[in-house]
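Numbering (the working numbering), first residue to last: 1 to 376.
(1) Residues in its own chain within less than 7 Å of residue 152 by CB, not counting five upstream and five downstream?
(2) Mind checking which residues open and close the beta strand (DSSP E) that includes residue 117?
(3) The alpha helix (DSSP H) that contains residue 269, what's its start and end?
(4) Would you kindly report the start and end of the unbroken alpha helix (DSSP H) that includes residue 78?
(5) Could you check the C-alpha separation between residue 213 and residue 130 for me, to the nearest Å?
(6) In this structure, does DSSP put residue 358 in helix, strand or coil?
(7) What did DSSP end up calling residue 216 once you bin it into helix, strand or coil?
(8) On the three-state DSSP scale, how would you describe residue 11?
(9) Cβ atoms of residue 1 and residue 100: under 8 Å apart, would you say?
(10) Do residue 222 and residue 185 have their C-beta atoms within less than 8 Å of each other?
(11) If you drop the 5 nearest sequence neighbours on each side, which residues of the same chain put their C-beta closer than 6 Å to that of residue 196?
(12) Apply the 10 Å Cβ neighbour rule to residue 254 and answer buried if 16 or more other Cβ atoms are within range, or exposed otherwise.
(13) So, at 6 Å on beta carbons, what are the nonlocal neighbours of residue 384 in its own chain, with the 5 sequence-adjacent residues on each side left out?
(14) Between residue 140 and residue 181, what straight-line distance do the alpha-carbon atoms span, to the nearest angstrom?
(15) With a CB to CB cut of under 7 Å and the five nearest residues on each side skipped, what residues in its chain are close to residue 220?
(16) Buried or exposed: which applies to residue 217, given that a residue is buried once 16 or more other Cβ atoms fall within 10 Å of its Cβ?
(17) Report the start-end ranges of each alpha helix (DSSP H) in the stretch 58–99 that is 4 residues or longer and not cut off at the edges.
(18) Just how far apart, CA to CA, sit residue 75 and residue 351?
(19) Taking Cβ positions, are residue 307 and residue 355 nearer each other than 8 Å?
(20) Starting from residue 180, trace the alpha helix (DSSP H) both ways and give me its first and last residue.
(21) I believe residue 300 touches residue 259 by the beta-carbon criterion, under 8 Å. Please report the beta-carbon distance rounded to the nearest angstrom.
(22) What is the rounded straight-line gap between the Cα of residue 145 and the Cα of residue 22?
(23) So, do the stretch 240–251 and the stretch 79–89 have three or more beta carbon pairs nearer to each other than 8 Å?
(24) Distance, Cα to Cα, residue 265 vs residue 370?
(25) Of the residues 41, 143, 6, 10, which one's Cα is nearest the Cα of residue 366?
(26) Can you grab the Cα-Cα spacing for the pair residue 64 / residue 85, in whole Å?
(27) Measuring straight from C-alpha to C-alpha, what distance separates residue 179 and residue 128?
(28) Does residue 362 pass the burial test, meaning 16 or more other C-beta atoms within 10 Å, or should it be called exposed?
(29) List the whole-angstrom C-beta distance separating residue 120 from residue 159, where the pair is believed to meet the contact cut-off of C-beta under 8 Å.
(30) Quick one: give me the first and last residue of the beta strand (DSSP E) that residue 36 is part of.
(31) If you count every other CB in all the chains shown that lies within 10 Å of the CB of residue 251, and 16 or more means buried, which is it?
(32) Using alpha carbons as the reference points, say which of 105, 134, 108, 148 lies closest to residue 122.
(33) DSSP on residue 159, reduced to helix/strand/coil?
(34) Run the CB neighbour count on residue 272, radius 10 Å, all protein chains shown included, and call it buried at 16 or more, exposed below.
(35) From the DSSP output, read off the bridge partner residues of residue 20.
(36) Quick check: the Cα distance between residue 94 and residue 289, rounded to an integer number of angstroms?
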């Protein structure tokens, strides 16, 4: 979402969608820092959009940085690496993603990165009907890449593959192959997720015992577990009479703990990763991203739980006060409120964050054709 905000703010002749990357952490960049190569593309194509191309990419990047300096939700904008535009946003802008993602619902993964592209894809896939792992991977990719492209703004024509539809009079239960046997043992969701983790080339084979393992080292389990954990957190909060309250009352400075900021930063990349997976034709790009998102969520719940064991609420602010001189957000966002807040407001802020994590994990799993369980 934030890279989309930056794209619109830059308003370049060439869309910067797909050019954004996390800024290297080795340079001291904190969560909330984004870098783009758009200046190099503009210089290469001779399209500057009102900026001077004297000096090439560095000059273009400097001119683009000037466009961002007046935005309250941007901390700074600088030229790095000989032409990269590096943009740290305020911690408040990150925190407001908790509300924005929750309110967006399934659309939180959408962007216009592939607008103008036309794609044809099969509407559905029945993995159990495939005879080999290679065929299962191929068919899963064909359908899921269509979903990813559509979520990224492409126009998709959905087709029905007659080879996957049983002919009249055919046996209703054909002999089970290795894929069907694995699905029978581990479940369709874990099998589909593990297939999505495989790179598009190379061996395609799964061990059903590993796929079914209830172990956080098993990605198919960890991502679905994180979703179920978030749902459980919200369910426990509801049992205690706690909810999200009005979005206008959301206090962004209460999501200040480093683990909360790290989770928000991960959440901010969902539309970009969906588009990147579609553009590269690699389901594993999205699958691996969801693993990182699940990990960030579980770490956050360890350090900054919305509801502590036994139903206790946090008694104070969630960490170091956020912001500094500028702690604004995108247009239409609620204004931050300075100072410490009662524990109930900390809890509400964390419930917004847990809801955003649940929403994003569900959206990502749904794109992969994997179930998002409420309990595990």
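Ideal placement from N, C-alpha and C gives every residue a C-beta, glycine not left out.
Checking against the coordinates, here is how it stands:
(1) Translated into the one-based positions of the chain shown, residue 152 becomes position 152. Excluding sequence neighbours, residue 152 sits near 111, 113, 114, 274, 275, 278.
(2) Numbered from its first residue, the chain shown carries residue 117 at position 117. Where residue 117 is concerned, there is no enclosing beta strand (DSSP E), given that its DSSP letter is neither H nor E.
(3) The residue labelled residue 269 in the question sits at position 269 within the chain shown. Note, residue 269: premise wrong, no alpha helix (DSSP H); not H, not E.
(4) The residue given as residue 78 occupies position 78 in the chain shown. That residue, residue 78, is in no alpha helix (DSSP H); its beta strand (DSSP E) goes 78–80.
(5) Within the chain shown, the letter at position 213 stands for residue 213. Within the chain shown, the letter at position 130 stands for residue 130. Distance between the alpha carbons of residue 213 and residue 130 is about 23 Å.
(6) In the chain shown, residue 358 corresponds to position 358, counting from 1. Looking at residue 358 - three-state DSSP - the assignment turns out to be helix.
(7) Residue mapping note: residue 216 aligns to position 216 of the chain shown, counting from 1. Reduced to three states, the DSSP call for residue 216 is coil.
(8) As a working mapping, residue 11 is identified with position 11 in the chain shown. In the structure shown, residue 11 sits in coil (DSSP, three-state: anything other than H, G, I, E or B).
(9) As a first step, residue 100 must be located in the chain shown, where it is residue number 100. As a first step, residue 1 must be located in the chain shown, where it is residue number 1. Taking 8 Å as the Cβ cut-off, residue 100 and residue 1 qualify as a contacting pair.
(10) Along the chain shown, one-based indexing puts residue 222 at 222. Along the chain shown, one-based indexing puts residue 185 at 185. No, the Cβ-Cβ distance between residue 222 and residue 185 is not below 8 Å.
(11) Counting from 1 along the chain shown, the entry for residue 196 is found at position 196. Correct list, in chain order: 283, 287, 368.
(12) As a working mapping, residue 254 is identified with position 254 in the chain shown. Buried, since its Cβ has 16 or more Cβ neighbours within 10 Å.
(13) Residue numbering for the chain in the displayed model covers 1 to 376; residue 384 lies beyond these limits and cannot be assessed.
(14) Taking the first residue of the chain shown as 1, we reach residue 140 at position 140. Taking the first residue of the chain shown as 1, we reach residue 181 at position 181. Answer to the nearest angstrom: the Cα atoms are 17 Å apart.
(15) For this step, residue 220 is matched to residue 220 along the chain shown. Excluding sequence neighbours, residue 220 sits near 190, 193, 194, 211.
(16) Along the chain shown, read from residue 1 onward, the residue named residue 217 stands at position 217. When all chains shown are included, residue 217 counts as exposed.
(17) 91–95
(18) Mapped onto the chain shown, residue 75 falls at position 75. Mapped onto the chain shown, residue 351 falls at position 351. Whole-angstrom Cα-Cα distance: 26 Å.
(19) Position 307 of the chain shown, counted from the first residue, corresponds to residue 307. Position 355 of the chain shown, counted from the first residue, corresponds to residue 355. It is not a contact, given that the beta carbons lie outside the stated cut-off.
(20) Residue numbering aside, residue 180 sits at position 180 when the chain shown is read from its first letter. Where residue 180 is concerned, the enclosing alpha helix (DSSP H) stretches over 178–186.
(21) Translated into the one-based positions of the chain shown, residue 300 becomes position 300. Translated into the one-based positions of the chain shown, residue 259 becomes position 259. Yes, residue 300 and residue 259 are in contact; Cβ-Cβ is about 4 Å, under 8 Å.
(22) Looking up residue 145 in the chain shown gives position 145. Looking up residue 22 in the chain shown gives position 22. Each residue's alpha carbon lies about 24 Å from the other.
(23) no
(24) Within the chain shown, numbered from 1, the residue matching residue 265 stands at position 265. Within the chain shown, numbered from 1, the residue matching residue 370 stands at position 370. Cα to Cα, the separation comes out at about 24 Å.
(25) Taking the chain shown and counting its residues from 1, the one referred to as residue 366 is at position 366. Nearest of 41, 143, 6, 10 to residue 366, Cα basis: 143.
(26) Numbered from 1 along the chain shown, position 64 holds the residue referred to as residue 64. Numbered from 1 along the chain shown, position 85 holds the residue referred to as residue 85. Distance between the alpha carbons of residue 64 and residue 85 is about 8 Å.
(27) As a first step, residue 179 is located in the chain shown; it is residue number 179 there, counting from the start. As a first step, residue 128 is located in the chain shown; it is residue number 128 there, counting from the start. About 6 Å.
(28) Taking the chain shown and counting its residues from 1, the one referred to as residue 362 is at position 362. So residue 362 ends up on the buried side.
(29) On the chain shown, residue 120 is found 120 positions in, with the first residue counted as 1. On the chain shown, residue 159 is found 159 positions in, with the first residue counted as 1. So it is a contact: roughly 6 Å between Cβ atoms.
(30) Within the chain shown, the letter at position 36 stands for residue 36. Note, residue 36: beta strand (DSSP E), 33–36.
(31) Numbered from its first residue, the chain shown carries residue 251 at position 251. Buried: at least 16 other Cβ atoms inside 10 Å.
(32) Taking the first residue of the chain shown as position 1, residue 122 is located at position 122. Nearest C-alpha to residue 122: 148.
(33) Counted from its first residue, the chain shown places residue 159 at position 159. Three-state result, residue 159: strand.
(34) As a first step, residue 272 is located in the chain shown; it is residue number 272 there, counting from the start. Buried, by the Cβ-count rule.
(35) The residue labelled residue 20 in the question sits at position 20 within the chain shown. Answer is 36.
(36) Reading the chain shown from its first residue, position 94 is the one you call residue 94. Reading the chain shown from its first residue, position 289 is the one you call residue 289. In a straight line, the C-alpha of residue 94 is about 18 Å away from that of residue 289.
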